[in-house]
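Going by my numbering, the first residue of the sequence shown is number 15, and it counts up by one from there.
Ideal Cβ placement from N, Cα and C applies to all residues, glycine included.
Only one structure is covered here, and it is reproduced in the block below.
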Amino acid sequence: MSKEKPGYGPENPHPLSTRKTELIWEGKYDEYGNRREVDIAGCALPMQKIETIDEPASRLKPLGLFDSEKAHKDDFRNMLIWGDNKLVMASLLKDFKGKIDLIYIDPPFDVGADFTMDIPIGDSKETLGKDQSTLEMVAYRDMWGKGTDSYLHMMYERLVLMKELLSETGSIYVHCDWRVNSHLRLILDEIFGRNNFRNEIVWQKIRSSKGQSKSFGNVLDTIYFYSKTESSLFNKQYVPLAEERLEKHYKYFDEISEKNYQLCDFTQKGQGPSRVFGDKGEIAPPAGKHWIWSQEKIDEGIKKGLIVFTSGKMPRLKRFLDDSKGNPMEDLWNDIPPVNSMSDERAAYATQKPEALLERMILSSTNEGDLVADFFNGSGTTGAVAERLGRRWIMADLGRFAIHTTRKRMIELQRKLYEEDKPYRAFDVYNLGRYERQWWQKERLKGADEEHRRVVLEFYKAEVLQSPPSPLIHGRKGSALCHVDSIDGLFTRDELKAVAKAAKEAGAKELHCLAWEFEMDLKLLCHEIEHADNIKIKLIPIPREIMEKNRTSPPPFLEVAVLEAEVVYKNIPPHPPLTKGGSRGGVVVDIKLKKFVPSLAEVPTKELEALKERAIKSGFDFIDFWAVDFDYQDGQPFEHHWQAYRTRKDRSLPTVSNHEYDKYPNKGKYTACVKVVDIFGCDTSITVEIST
15 MSKEKPGYGP ENPHPLSTRK TELIWEGKYD EYGNRREVDI AGCALPMQKI
65 ETIDEPASRL KPLGLFDSEK AHKDDFRNML IWGDNKLVMA SLLKDFKGKI
115 DLIYIDPPFD VGADFTMDIP IGDSKETLGK DQSTLEMVAY RDMWGKGTDS
165 YLHMMYERLV LMKELLSETG SIYVHCDWRV NSHLRLILDE IFGRNNFRNE
215 IVWQKIRSSK GQSKSFGNVL DTIYFYSKTE SSLFNKQYVP LAEERLEKHY
265 KYFDEISEKN YQLCDFTQKG QGPSRVFGDK GEIAPPAGKH WIWSQEKIDE
315 GIKKGLIVFT SGKMPRLKRF LDDSKGNPME DLWNDIPPVN SMSDERAAYA
365 TQKPEALLER MILSSTNEGD LVADFFNGSG TTGAVAERLG RRWIMADLGR
415 FAIHTTRKRM IELQRKLYEE DKPYRAFDVY NLGRYERQWW QKERLKGADE
465 EHRRVVLEFY KAEVLQSPPS PLIHGRKGSA LCHVDSIDGL FTRDELKAVA
515 KAAKEAGAKE LHCLAWEFEM DLKLLCHEIE HADNIKIKLI PIPREIMEKN
565 RTSPPPFLEV AVLEAEVVYK NIPPHPPLTK GGSRGGVVVD IKLKKFVPSL
615 AEVPTKELEA LKERAIKSGF DFIDFWAVDF DYQDGQPFEH HWQAYRTRKD
665 RSLPTVSNHE YDKYPNKGKY TACVKVVDIF GCDTSITVEI ST
């Protein structure tokens with residue numbers, strides 16, 4: 015019986031018979047066999063600038079006669095973006111298509127696991143047991159560990175966008191390991207073209223490993239290096255010569271210059287003419303060879319003593335040791351160790367890569383002033399190295415802890431570069447805000463408000479009420495009634511009053527208000543209503559993690575923390591700005607933290623009870639970072655006028671700012687905004703009224 019199917023043959027070949035080498039996964043093609051294209055236009059959203067950071071604050075004060083501002087560059091403001099990198103990159107295309115010179119990414123490796131870290135609490139000088147002083151928390155969730163198909167589709171869409179963002183001379187480095195390197199190589203070939211493959215770099219990440227019982231120890235990572243076009247920029251890098259090579263090859267000593275040198279061949283392949291070598295006369299090169307220098311350069315070399323003659327009467331070239339750049343870098347990188355626990359660059363972040371690794375790639379594929387991007391930024395190593403090397407940068411991550419870790423790291427670097435009088439740039443923090451949520455509701459929830467509330471309540475492990483006592487009441491969790499605010503709304507004071515009234519009329523003793531954003535200072539109104547109506551109220555921000563495509567397990571829902579602060583007024587005499595800073599004198603303003611009670615919903619259950627009492631008594635121990643905008647304008651980005659934070663080496667944290675702000679133009683009422691970020695990366699903000 016013939017295996018041929020009707021309709022197919024030499025004149026009409028079956029599609030499978032003509033298919034080229036290709037990696038296929040579920041979701042790559044639709045039900046009709048058509049390639050699913052990346053919906054770039056539908057994913058492009060307006061980005062919201064939420065913070066501006068230009069450290070140090072003293073740079074903005076009056077300059078003295080001998081102060082320098084040359085280190086600060088105002089040609090570009092670097093960008094740190096919180097959100098899904100697919101949406102972030104699609105949104106960047108409008109302004110940055112074809113403008114990024116280097117992209118480095120270190121994506122999750124499809125391991126289906128959450129990476130964790132130890133988070134210290136409070137001042138390390140305290141004598142505390144590990145269970146109380148340290149918490150092991152999730153650094154980022156490997157949300158694509160739901161199968162290889164899902165992972166490959168995620169990576170394909172993002173790599174397509176990265177190619178669009180790269181300049182014509184740009185390059186991309188993709189960091190991976192044995193789990194996904196074979197798949198990613200095929201995807202990169204498909205997107206960038208095999209002709210634009212440059213290297214498969216092998217990085218020996220550790221010196222030795224605990225050997226597996228039936229396989230060799232794994233000590234390597236792979237970094238794929240591709241260019242967008244064949245005209246890519248590449249600056250050759252070198253490694254220093256080994257000591258034994260120096261002794262073996264640079265064994266001659268020049269008495270005049272007092273330098274070591276080696277003797278090198280003076281010929282190259284290809285027949286060439288004879289040349290005159292001073293008093294040695296005319297000498298012909300060996301058959302099939304030519305002299306490497308022109309006659310003019312040979313004459314100059316003879317005068318300078320750079321050409322010597324061996325016993326074989328053939329010219330040789332002196333090559334001095336200090337003229338050698340070393341050996342050209344190859345694709346085996348075994349000279350860069352991982353970040354150890356005592357390293358100055360250690361950010362205590364899972365999967366952190368060493369700065370030397372990023373430095374090599376950035377120096378190889380960019381020049382000073384070029385634009386570098388990392389869309390899985392983690393602890394911010396790419397941006398830190400780019401800043402230090404004078405490159406501009408864009409970084410993005412969907413993890414709040416990654417954004418917080420990076421913000422602290424870049425502020426610390428800004429201060430360091432400023433003190434060293436080295437160039438640096440300001441940076442801003444962005445998110446996609448309500449636009450990301452609207453996109454999620456449209457794409458994943460078909461635009462339905464009821465479906466949005468159902469999904470939120472499901473992740474919150476609350477029951478959806480089929481016959482609610484009020485349109486403002488949507489669910490029940492235990493004995494508490496639940497309200498879910500609209501996806502693009504701000505939960506205001508008036509809404510809180512209305513929802514609390516509805517809950518009271520329904521006979522509830524407890525109310526949970528879930529919203530994406532809350533009006534600031536709402537906690538104070540909560541306390542008033544609780545006291546007047548005898549009802550307990552919880553304000554719970556909806557975590558953006560519920561928008562992750564493959565998430566099935568509930569993310570933590572954190573109650574809004576309690577934060578109180580007050581204004582500190584001081585009268586100071588004027589003093590001349592002879593140093594960085596200076597003041598015109600008079601009344602200056604600072605902020606004092608009065609109270610902070612963190613939400614402990616994120617804390618593992620086994621440690622919850624041990625920390626509850628401490629959170630109430632010593633809430634400041636849970637603050638990792640706080641900042642003040644002394645002239646906050648509603649609807650405008652938070653401007654960092656002053657901030658303080660804990661570091662790995664210095665765990666102390668002041669609770670009173672020392673900025674001495676005096677920039678109010680006229681007497682009157684002003685508003686300061688105080689932002690606190692706790693050890694879990696969650697931020698809480700309040701406003702304080704200032705009278706001048």
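Within the continuous alpha helix (DSSP H) that includes residue i, where are the two ends?
| i | result |
| --- | --- |
| TYR170 | 162 to 179 |
| ASN213 | Premise fails: ASN213 lies in the beta strand (DSSP E), 211 to 218, not in any alpha helix (DSSP H). |
| ILE425 | 414 to 433 |
| ASP508 | 507 to 519 |
| ASN99 | 99 to 110 |
| GLU261 | 257 to 263 |
| ILE67 | Run containing ILE67: none in the alpha helix (DSSP H); it sits in the beta strand (DSSP E), 62 to 67. |
Count the other CB atoms, across all protein chains shown, that sit within 10 Å of the CB of residue i; report buried if there are 16 or more and exposed otherwise.
| i | result |
| --- | --- |
| PHE248 | exposed |
| SER246 | buried |
| PHE652 | buried |
| GLN428 | buried |
| HIS28 | exposed |
| TRP712 | Because residue 712 is not part of the residues shown, which for the chain are 15 to 706, the question remains open. |
| TRP192 | exposed |
| VAL470 | buried |
| TYR646 | buried |
| ALA55 | exposed |
| GLY413 | buried |
| VAL290 | exposed |
| CYS278 | exposed |
| LYS139 | Unreliable placement is indicated for LYS139, whose pLDDT of 48 sits below 50; the coordinate value is still reported in the next sentence. LYS139 comes out exposed. |
| ASN26 | exposed |
| ARG423 | buried |
Kindly indicate the opening and closing residues of the beta strand (DSSP E) around residue i.
| i | result |
| --- | --- |
| SER699 | 697 to 705 |
| ASN585 | 576 to 586 |
| ARG330 | 329 to 334 |
| MET343 | Note, MET343: premise wrong, no beta strand (DSSP E); not H, not E. |
| GLN309 | No beta strand (DSSP E) contains GLN309, which is instead part of the alpha helix (DSSP H) from 309 to 317. |
| GLY600 | 600 to 611 |
| GLU573 | Run containing GLU573: none; DSSP gives neither H nor E here. |
| ARG406 | 406 to 411 |
Assuming residue i and residue j make a contact with CB atoms under 8 Å, what is their CB distance in whole Å?
| i | j | result |
| --- | --- | --- |
| MET409 | LEU94 | 5 Å |
| ILE549 | GLU524 | 7 Å |
| ASP648 | ASP692 | So it is not a contact: roughly 24 Å between Cβ atoms. |
| THR66 | HIS654 | 7 Å |
| CYS527 | PHE505 | 6 Å |
| ALA516 | SER484 | 4 Å |
Where does residue i sit, in a helix, a strand or coil, going by DSSP?
| i | result |
| --- | --- |
| THR368 | Residue 368 is actually Pro in this sequence, not Thr. PRO368: coil per DSSP, three-state reduction. |
| HIS545 | helix |
| VAL233 | coil |
| ASN564 | coil |
| LYS537 | helix |
| SER500 | coil |
| ASP384 | coil |
| GLY461 | coil |
| ASP203 | helix |
| TRP453 | helix |
| PRO27 | coil |
| GLY184 | strand |
| GLU674 | coil |
| THR324 | coil |
Which same chain residues end up closer than 6 Å to residue i when comparing Cβ atoms and leaving out the 5 residues on each side of it in sequence?
| i | result |
| --- | --- |
| GLN657 | ALA641 |
| ASP388 | TYR118, THR396 and MET409 |
| PRO299 | THR281, GLY286 and TRP305 |
| ASP109 | none |
| TRP96 | ILE417 and ASN445 |
Could you name the residues of the same chain whose beta carbon sits closer than 8 Å to that of residue i, not counting the 5 residues immediately before and after it, in chain order?
| i | result |
| --- | --- |
| LYS111 | GLU178 and LEU179 |
| SER288 | GLU296, ILE297, ALA298 and PRO299 |
| TYR438 | ALA85, HIS86, LYS87, GLU401, LEU427, GLN428, LEU431 and TYR432 |
| LYS475 | LYS491 and PRO568 |
Kindly list the residues whose CB is nearer than 7 Å to the CB of residue i, restricted to its own chain and excluding five residues on each side of it in sequence; keep chain order.
| i | result |
| --- | --- |
| ASP535 | ILE700 and THR701 |
| LEU320 | LEU331 and LYS332 |
| PHE211 | ASP203 and TYR240 |
| GLU40 | ASP163 |
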